[in-house]
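Down below is the structure, laid out as structure tokens.
Residue numbers (the working numbering): 231 to 784.
Now the structure itself:
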């Protein structure tokens, strides 16, 4: 049944690709250009919608393919340096302009969720969505207390569609692992498992609301980032209600310029917000495409950000945090030897990797891009060369870092749009140096003392008794050790005595056996006085040995 379902989905994907002529687009790429002549006999060439541009065809195909493909398009839309402008502009519409479902359907979902008529819940509800994405869509509303809010509603039937496509991705992953030489190193199944977990989190709006509340607490007193407040009384697993914010969409560059916004400040605090979330709080917004970010600019010289959509949040282990910060810092200082060492110590590359050789490879990739603004850096080329280097040194993909890598791509793409002259390295370096100093430097030492001081003060009255108990325990342990030592000495002496007895018994037995052989030989064959005397003497010596062994046993 599962195989039939997967084959049916594959046929559906092929049908959509053909419908929008994407098979013809595939044959126009460099890698398949030798087969260009065959494009004229492909169904896509004759059936594709002639009235649509190639960018619109790709966007419509991704929308029809479903939420997983839409998310892929969202990631691509942030990389203007990797895509032609016409395709990038169309894919940008996937960030919040996916085809919505009807407002009437949204009302029915809300009434079923709340178990009462919608006018009893909201004083006003706008049937026309203000934004629609791959998982849910958002409507404006007003509570009976007069507060303006937004209502996020999950798309109907979204869970079965995601489950079906995840199954298909696992099939592709298994095929890649089995038949592709890079499959084991890239660990596609683990990466998809991480992706699946994040998608499941997005489908639970209570979890998203909790994420928003945590991020709001983390930036409570910040003048760089504002997070809207959750209305918990109206939030359910498939519905979330939040404070409605007013801001300028970050992609609306023309309006921002008209307001006289300081783009340099905006780009720099964007980098600082990202590193603060990752390293200070270990809780970062992992879906920071432009559709989820607004600008608050009452003071254009010092604008700030407003974030929405908290379905995907990332965390790292303490070890990953430390290694990432150390890697970033070594990279910013151009200490490629340290970068290579950290990769080996963290087991991101095999332990037998030659650090000097790995260092040289990293230097050849990274050095050409220092001292350049974002506009002069082709991150597509950087990623390609890093991939080639990773393949050469058998570096495995770290599934727990996939979200962070995706977020970095979003941040870099946003920075490229806002302020291409941004010096990413110099903006991030002071923050990371401060963070490392707080974690492993002198400041970390004093911070540890300050943190533990209340606990020490609380236990101070008990210290004399604890010291007394420790001394008593130490004395008892000392006496126990003495008894054990005495027993061991006695046991050693006994073993030595038993060893002597055993040797005497063995030697005496040997003499008795020899004596018996000589005497029996003398009686049965011939009579020889010397042989008889020798047997008697050997028997006597054996008797003496047994007497000595008996004496040692006393």
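Note that CB positions come from ideal geometry on N, CA and C, so glycine has one too. All values reported here derive from a predicted model rather than from experimental measurement.
State the start and end residues of the unbroken beta strand (DSSP E) segment that holds residue 535. In the chain shown, counting from the first residue as 1, residue 535 sits at position 305. That run of the beta strand (DSSP E) goes 534 to 537.
Tell whether a beta-carbon distance below 8 Å holds between residue 641 and residue 518. Counted from its first residue, the chain shown places residue 641 at position 411. Counted from its first residue, the chain shown places residue 518 at position 288. Result yes, Cβ atoms of residue 641 and residue 518 sit closer than 8 Å.
For the alpha helix (DSSP H) containing residue 487, name the first residue and the last one. As a working note, residue 487 is residue 257 in the chain shown. Run containing residue 487: 483 to 488, per the alpha helix (DSSP H) assignment.
To the nearest angstrom, report how far apart residue 488 and residue 390 are at their CA atoms. What you label residue 488 is simply residue 258 of the chain shown in a count that begins at 1. What you label residue 390 is simply residue 160 of the chain shown in a count that begins at 1. Cα to Cα, the separation comes out at about 45 Å.
I'd like to check one pair, residue 593 with residue 566: are the Cβ atoms closer than 8 Å? The residue labelled residue 566 in the question sits at position 336 within the chain shown. The residue labelled residue 593 in the question sits at position 363 within the chain shown. In contact: residue 566 and residue 593 (Cβ atoms closer than 8 Å).
Of the residues 356, 365, 366, 468, which one's Cα is nearest the Cα of residue 378? Along the chain shown, read from residue 1 onward, the residue named residue 378 stands at position 148. Looking at the Cα atoms, 356 is the closest of the given residues.
Residue span of the alpha helix (DSSP H) that contains residue 525, given as start and end: Taking the first residue of the chain shown as position 1, residue 525 is located at position 295. Per DSSP, residue 525 lies in no alpha helix (DSSP H); the unbroken beta strand (DSSP E) holding it starts and ends at 523 to 526.
Examine the Cβ distances between the region 427 to 436 and the region 489 to 502 and report whether three or more of them are shorter than 8 Å. no
Starting from residue 367, trace the beta strand (DSSP E) both ways and give me its first and last residue. Sequence index remark: in the chain shown, residue 367 carries index 137 (1-based). Unbroken beta strand (DSSP E) run through residue 367: 366 to 372.
Provide the residue(s) that pair with residue 361 in DSSP beta bridges, ordered along the chain. In the chain shown, counting from the first residue as 1, residue 361 sits at position 131. In the DSSP output, where bridge partners are listed per residue, residue 361 has 368.
Under the three-state reduction of DSSP, which class applies to residue 332: helix, strand or coil? Your numbering for residue 332 matches position 102 in the chain shown. In the structure shown, residue 332 adopts coil according to DSSP, grouped into three states.
Output the distance between the C-alpha atoms of residue 468 and residue 588, rounded to the nearest integer angstrom. By one-based count along the chain shown, residue 468 stands at place 238. By one-based count along the chain shown, residue 588 stands at place 358. Roughly 49 Å separates the two Cα atoms.
Could you tell me whether the region 528 to 546 touches the region 570 to 588, using the rule of 3 or more Cβ pairs below 8 Å? Under the Cβ criterion (8 Å, minimum of three pairs), the region 528 to 546 does not count as touching the region 570 to 588.
Proximity of residue 288 and residue 321 at Cβ, strictly below 8 Å: Here residue 288 refers to the residue found at position 58 of the chain shown. Here residue 321 refers to the residue found at position 91 of the chain shown. Taking 8 Å as the Cβ cut-off, residue 288 and residue 321 qualify as a contacting pair.
Go ahead and label residue 598 buried or exposed: buried means 16 or more other beta carbons lie within 10 angstroms of its beta carbon, across all protein chains shown. Locating residue 598 in the chain shown gives position 368, counting from the first residue. It counts as exposed.
Should the region 547 to 565 be regarded as contacting the region 471 to 483, the criterion being three or more beta carbon pairs within less than 8 Å? no
Hey, would you say residue 530 sits closer than 8 Å to residue 492, going by beta carbons? Here residue 530 corresponds to residue number 300 of the chain shown, with the count starting at 1. Here residue 492 corresponds to residue number 262 of the chain shown, with the count starting at 1. Contact flag set, yes.
Could you tell me the distance, in whole angstroms, from the CA atom of residue 329 to the CA atom of residue 473? Taking the first residue of the chain shown as position 1, residue 329 is located at position 99. Taking the first residue of the chain shown as position 1, residue 473 is located at position 243. Counting only the Cα atoms, residue 473 lies some 24 Å from residue 329.
To the nearest angstrom, report how far apart residue 261 and residue 524 are at their CA atoms. Translated into positions along the chain shown, residue 261 becomes position 31. Translated into positions along the chain shown, residue 524 becomes position 294. Bear in mind that the predicted position of residue 261 carries a pLDDT of just 45, short of 50, making it unreliable; the figure below should be weighed with that in mind. Across the structure, residue 261 and residue 524 are spaced so that their CA atoms are roughly 39 Å apart.
Residue span of the beta strand (DSSP E) that contains residue 378, given as start and end: Translated into positions along the chain shown, residue 378 becomes position 148. Per DSSP, residue 378 belongs to the beta strand (DSSP E) from 378 to 384.
Is the beta carbon of residue 457 less than 8 Å from the beta carbon of residue 445? Along the chain shown, one-based indexing puts residue 457 at 227. Along the chain shown, one-based indexing puts residue 445 at 215. Yes, the Cβ-Cβ distance between residue 457 and residue 445 is below 8 Å.
Considering only their Cβ atoms, is the gap separating residue 505 from residue 662 smaller than 8 Å? In the chain shown, residue 662 corresponds to position 432, counting from 1. In the chain shown, residue 505 corresponds to position 275, counting from 1. Closer than 8 Å, so yes.
Separation of residue 476 from residue 520, as counted between CA atoms: The residue labelled residue 520 in the question sits at position 290 within the chain shown. The residue labelled residue 476 in the question sits at position 246 within the chain shown. Near 15 Å, if we compare the C-alpha coordinates of residue 476 and residue 520.
Does residue 463 come out as helix, strand or coil in the three-state DSSP assignment? On the chain shown, residue 463 is found 233 positions in, with the first residue counted as 1. Residue 463: helix per DSSP, three-state reduction.
Alpha-carbon spacing of residue 290 relative to residue 637, whole angstroms: Numbered from 1 along the chain shown, position 60 holds the residue referred to as residue 290. Numbered from 1 along the chain shown, position 407 holds the residue referred to as residue 637. If you draw a straight line from the Cα of residue 290 to the Cα of residue 637, it comes to about 25 Å.
Looking at the unbroken beta strand (DSSP E) that takes in residue 350, where does it start and where does it end? The residue labelled residue 350 in the question sits at position 120 within the chain shown. Counting along the chain, residue 350 falls outside any beta strand (DSSP E), though it belongs to the alpha helix (DSSP H) covering 348 to 351.
Span of the beta strand (DSSP E) around residue 577: Position 347 of the chain shown, counted from the first residue, corresponds to residue 577. Careful: residue 577 lies outside any beta strand (DSSP E) and carries neither H nor E.
Quick check on DSSP: helix, strand or coil for residue 475? Start at 1 with the first residue of the chain shown, and residue 475 comes out as number 245. DSSP places residue 475 in coil when its eight states are reduced to three.
Through-space distance from residue 455 to residue 503, alpha-carbon basis: As a working mapping, residue 503 is identified with position 273 in the chain shown. As a working mapping, residue 455 is identified with position 225 in the chain shown. C-alpha separation (whole angstroms): 7 Å.
Separation of residue 651 from residue 316, as counted between CA atoms: Locating residue 316 in the chain shown gives position 86, counting from the first residue. Locating residue 651 in the chain shown gives position 421, counting from the first residue. Going by the C-alpha atoms only, they are around 24 Å apart.
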